[in-house]
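Chains as they are written, first to last, in this note's numbering: chain A, 3 to 332; chain B, 20 to 420; chain C, 256 to 614.
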């Protein structure tokens, strides 16, 4: 340390001034950088004749979307197409939540099984799934599993259910109250309820991958419950499953719910990988729209806004749920 | 307890467990048999054999590939060295362990076992097989040498180790990209595993300091820093990576003056860095939260300046707590590099997909994807293992079992 | 509100704030600058032309096992590089997929897009993609390919069936239009890249695949059993495949335009890769051959007015040959594709290849 300390500390040691200097410097740098980037953006955009405009949203999209919950055809405007894409995203995300939660809970609780084999297997499966990139798993499910299914009459047929290359066909009510199952009409399966292989591959991939992460969350939650609670449950004469269901899980939820929030959000974001297996989600429609219109900035703003909104809704619901769980505990 | 008894307790404690065990075991046996049957008789591994160079390094010029071999050799030597030093150096407050603990022996045997038949199975030429054997020998030799003599040179070894890898990294980048008298090989000629590793390592190295700064900024008492960090972190974390990569590829060119925007390979690397930094910041923040506030105050009251107090007292503790989450983020970053294939870069997955575009290999995608999965799994699992080993080493004695 | 705030996590609020900031900043306006020929200076400065190509389409742009690019689109890149930089090898190729190509061009990542891109009004218009198209280098039409045994004979047979198509292409839009015309519903299965599209088709997910006829023919040659796939007679649309630059730099666009015209004019004048040196000597020796002298840059300053060297035509032809030679070598009789010249004959032989006069 320097031993010649001046009587008055220099101005850069001034405790009151320093924070403001630092902030001023940071703020100024940020401002300059942002101004520089925006200036370039505007200059380059006007040079390319692409200055911001939202009019294109009202023009006919003139492309079709394969499977939509929201009816859509090529003569409808872009915003309808983007909305249809959003609905498709929400559809896979919601089903993904259900699937991943169920799978994750089962596998996560399995690591507390009294059977050592089940316990080990659950851990191994989770470790394998978590260490393989999701995108790789998605293309695997689509190109290797779903597209390798037999088609037409050779399709896998169970009572009322058909699994073929062209999709999963389920029975349902058709034209009012007429219950009907899948039928083969000149080589092509038809059924009231149908899931395409693209959707199937995406959903399977998301459910398996997120399920593995949720299994870890569930395992951590259960592990956070003191051992005494297990012993107490056992002394009440409850079996392993019953004690899990009645004693352990309700307490573990305190830890599990915040963890689930993270996983749900990552599932929603990961659903944008749908392009890899041919499912038309919001990202896919946005990419096509960009291509037809060249409106890169507008499209990216729409994309970011949509995903932020989805995350917001998930956080909102999960925080509500969290409060419910926490109150219960008191 | 004898093995039979233990098996009985583990698997057949009650009738239900027994039933489940029998079902699972038979299921596993059938699945294992079918997988082996497929891998050995039905799968056509020619697609991997024929494209092994492409998958490894992409379109990297053949006459320059010796540089990559040299790099691999250096990395092998450095890994052996670090491994040995890690074992050879005494850990404070802990009894000296043997030079070859059973874990290490197992690892060495596994390494030799893998190196002896994997190259042959992949149908590599004898010359290249020999190279892999030499590399394995090099790792083990360095491991032995370092383990044997590290204790004698404890001080210089402890000083040199942290410098070894950064230096090797810089040297590696020169070997890969050229410069310093070597022919330049442009980034758009890198591909396959090489590109994946370059992108991942670049992003990991740069995102770490950036993430620490962001985490400190988020906990700063200065509103400008705090809000700047919060907006950045939450904005990045709210968007899917693919939209950010898309933004990088499609909009970055508009944001910078003509010709200044980096090459698309580096552009993607920077996007990965910025993306990962936001997540790392959250990991580090949880570590910071675990350090009692009194630590900072105590350090300040001892006369340390704020940067000194943070750097010497708070961060070391925080980073130790944040280590598992940090490595978890690195692992997911490595996995996220596969998304580069969606924006037209030829990373490992991108190369694999363009290989499969060749109708010659139609319907052979299972072989390719399985190989990739094994590769990724090994890399990620190795990172995870390394993290756990480091965690054990770093944990203060009072906290370790 | 307090309730909402309690329920809403802080980060959601801030991320919304961040987005709002982005929106506001995007709405800011500013003046544009007049650009002269920054692009040409830039390319000369780095001594490399960056050319956006497909990279996976035999005959048009394809990477051989030796790592070298070849094809009709690639030769256009080489020709432009030769005319501007004097060396056909000074090209960096960027593989672009159909959905990223325009952004790559607009943001200046590539100087020239030579990637079997269809010229259309909306892509050309300043209010659309804002591209500037060079002369068409390949007149094509959209076709449909289906398995020979599938019984599909015309577009009508595809009603209600899945059809594979690359997303972000004009083919995707034309397909939608044609199917609407014949009032047939269908399932468009869209993939980001050609690779995935043909993989899904070959694995039997779609009954048919649609694309430019030349592309279908090119891809079919690489299928395991080319004879098992049938190109339908129907042509769905006009597909003039054209190199493009942006509207931003008219000097550069003109340089590209006339570099491409020169290839066509050379064929018309009978100047080939083999005889260009002799023709040049002939022009230099004989002051009466005014047309030839102007074309080869012996006389006048055509090159200079375009921002190119005076002898750009000579350099180009010496590097890649004339249009006819390029066609024959890459997609015509000299190639695996063996496509007929068809519409791509010279205008004097009933085709559409027509260069305006070099005057």
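Ideal Cβ positions, reconstructed from N, Cα and C, are used throughout, including at glycine.
ask   = Hey, which unbroken runs of the beta strand (DSSP E) at 3 residues or more fall wholly within the segment 350-438 of chain C?
value = 386-388, 393-402, 417-421
key: Three-way DSSP call (helix, strand, coil) for residue 196(A) in this model   = strand
Per-residue DSSP class, three states only, for residue 22(B) = helix
request  = Would you mind listing the alpha helix (DSSP H) stretches within the segment 286-320 of chain C that are 4+ residues and don't spill past its ends, in chain order?
outcome  = 293-301
query = Considering only residues of the same chain and omitting the five flanking positions on each side of residue 256(B), which have a CB-CB separation below 7 Å?
reply = 297, 298
key: Beta carbon of residue 99(B) nearer than 7 Å to that of residue 166(B)   = no
task = Give me the Cα-Cα distance between residue 92(B) and residue 191(B), rounded to the nearest whole angstrom.
result = 11 Å
message = What does DSSP give as the partner residue(s) for residue 521(C) in the beta ladder?
response = Residue 521(C) pairs with nothing; no bridge assigned.
key: Spatial distance of residue 230(A) from residue 236(A) (CA atoms)   = 10 Å
task = Run down chain F in chain order and give the residues with a C-beta less than 7 Å from the C-beta of residue 427(C).
result = Protein chains A, B and C are contained in the structure displayed, whereas chain F is not.
key: Where the beta strand (DSSP E) containing residue 158(A) begins and where it ends   = 158-160
query = If we cut at 7 Å on Cβ distances, does residue 366(C) have a partner in chain B?
reply = no
task = Would you mind telling me which residues of chain A sit closer than 7 Å to residue 396(B), beta carbon to beta carbon, in chain order?
result = 130, 133, 134
inquiry  = When you compare the CB of residue 283(C) with every CB in chain B, is at least one pair closer than 7 Å?
reply    = Caution is warranted here: a pLDDT of 38 is assigned to residue 283(C), below 50, making its placement in the model unreliable, and no coordinate value can be reported.
query = Between residue 77(A) and the rest of its own chain, which residues show a CB-CB distance below 6 Å, the 5 nearest in sequence each way excluded?
reply = 62
Contacts that residue 559(C) makes with chain A (C-beta to C-beta distance below 7 Å) = What residue 559(C) touches in chain A: nothing, since even the nearest Cβ is about 25 Å away.
query = At what residues does the beta strand (DSSP E) containing residue 481(C) begin and finish?
reply = Careful: residue 481(C) lies outside any beta strand (DSSP E) and carries neither H nor E.
ask   = What residues in its chain sit with their C-beta under 8 Å from that of residue 76(B), if we drop five residues either side in the sequence?
value = 84, 87, 209, 210, 211, 212, 213
inquiry  = Can you confirm whether residue 319(A), when its beta carbon is compared against all beta carbons of chain B, has any partner nearer than 7 Å?
reply    = no
message = Quick check: what's the CA-CA separation for residue 317(A) versus residue 267(A)?
response = 8 Å
request  = Report the partner residues of residue 249(B) according to the DSSP bridge assignment.
outcome  = Paired residue(s): none; residue 249(B) is not in a bridge.
key: Which listed residue (26(A), 43(A), 67(A)) has its alpha carbon closest to that of residue 277(A)   = 67(A)
message = Here's a check: name, in chain order, each residue in its chain whose Cβ is nearer than 7 Å to the Cβ of residue 509(C), leaving out the five neighbours to either side.
response = 561
query = Measuring CA to CA, which of 403(C), 572(C), 385(C) is closest to residue 335(C)?
reply = 572(C)
ask   = Just to confirm, are residue 494(C) and residue 467(C) a CB contact at a threshold of 7 Å?
value = yes
inquiry  = Bridge partners for residue 170(A) per DSSP, in chain order?
reply    = 165(A), 197(A)
9 Å Cβ cut-off: residues of chain A touching residue 421(B) = For residue 421(B) there is no data in the structure shown, the boundaries of chain B being 20 and 420.
inquiry  = Is there a Cβ of chain A sitting closer than 7 Å to that of residue 276(C), yes or no?
reply    = Confidence at residue 276(C) is low in this model, with a pLDDT of 48, below 50, so the placement of that residue should be treated as unreliable; the coordinate-derived value is given next. Not closer than 7 Å to any Cβ of chain A, the Cβ of residue 276(C) fails to qualify, so no.
ask   = Hey, does residue 120(B) have any beta-carbon neighbour from chain A nearer than 7 Å?
value = no
task = Determine whether the Cβ of residue 52(B) lies closer than 7 Å to any Cβ atom of chain A.
result = no
query = Could you give the residue range of the beta strand (DSSP E) that holds residue 444(C)?
reply = 442-446
key: C-beta neighbour in chain A for residue 276(B), strict 7 Å   = yes
ask   = Which residues of chain A have a Cβ atom closer than 8 Å to the Cβ of residue 444(C), listed in chain order?
value = 68, 200, 280
query = Taking DSSP as the reference, what is the three-state secondary structure of residue 250(A)?
reply = helix
query = Using a Cβ-Cβ cut-off of 8 Å (strictly less than) and excluding sequence neighbours within five positions of residue 559(C), which residues of its own chain qualify?
reply = 565
task = Using a Cβ-Cβ cut-off of 7 Å, state whether residue 290(A) counts as contacting chain C.
result = yes
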